[in-house]
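Structure first, then comments.
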Amino acid sequence: MIDETPDALRAVGLCYALPSSELPIDLAFERSYGSIRYRILEGVDNGRWRRYTSSKRWKAVYSYAMDGAPPAWDWGPALTGTLEPWEGGEKWASIAR
Numbered sequence: 131m132i133d134e135t136p137d138a139l140r141a142v143g144l145c146y147a148l149p150s151s152e153l154p155i156d157l158a159f160e161r162s163y164g165s166i167r168y169r170i171l172e173g174v175d176n177g178r179w180r181r182y183t184s185s186k187r188w189k190a191v192y193s194y195a196m197d198g199a200p201p202a203w204d205w206g207p208a209l210t211g212t213l214e215p216w217e218g219g220e221k222w223a224s225i226a227r
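Using our numbering, you'd call the opening residue of the sequence shown number 131 and step up by one each time.
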């Protein structure tokens, strides 16, 4: 987790993608007017990312998250949307954009 407020959360790290690769991921969630907006970025498993050793991958992700360094990888398309409560507020519906 790199940033947290009462209404927002942002986390950056490595996730494991099958069959055997770790990829950078950047998650952001924000509460707004009874709904939750989200943005998810996942790195692309390509030659640019694969040229790094596991140790250098961790260092690159840390530098991106903590120091604001430009990403040393390519991002896939952003997944964004809003989670809104259904009537009664018991369940959440996803409205992807």
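All C-beta atoms, glycine included, are put in the ideal place defined by N, C-alpha and C.
All figures in this text were calculated on a predicted structure; none of them were measured in a lab.
- Going by beta carbons, residue 208 and residue 170 fall inside the 9 Å limit.
- Within the same chain, and ignoring the five residues on either side of residue 174 in sequence, the residues whose Cβ sits closer than 8 Å to its Cβ are 153, 203, 204, 205 and 206.
- Note on the stretch 141-177: whole beta strand (DSSP E) runs with a minimum of 3 residues are 151-162 and 165-172, in chain order.
- In this model, residue 167 and residue 213 are separated by some 6 Å (Cα to Cα).
- Burial is judged here by how many other beta carbons sit within 10 angstroms of a residue's own beta carbon; residue 147 has fewer than 16 and is exposed.
- Between residue 138 and residue 132, the C-beta gap is not smaller than 9 Å, which leaves the two residues out of contact.
- In this structure, residue 151 keeps its C-beta atom at 9 Å or more from the C-beta atom of residue 215.
- With fewer than 16 other Cβ atoms inside 10 Å of its own Cβ, residue 199 counts as exposed.
- About 7 Å separates the CB atoms of residue 144 and residue 187; that is less than 8 Å, so the two are in contact.
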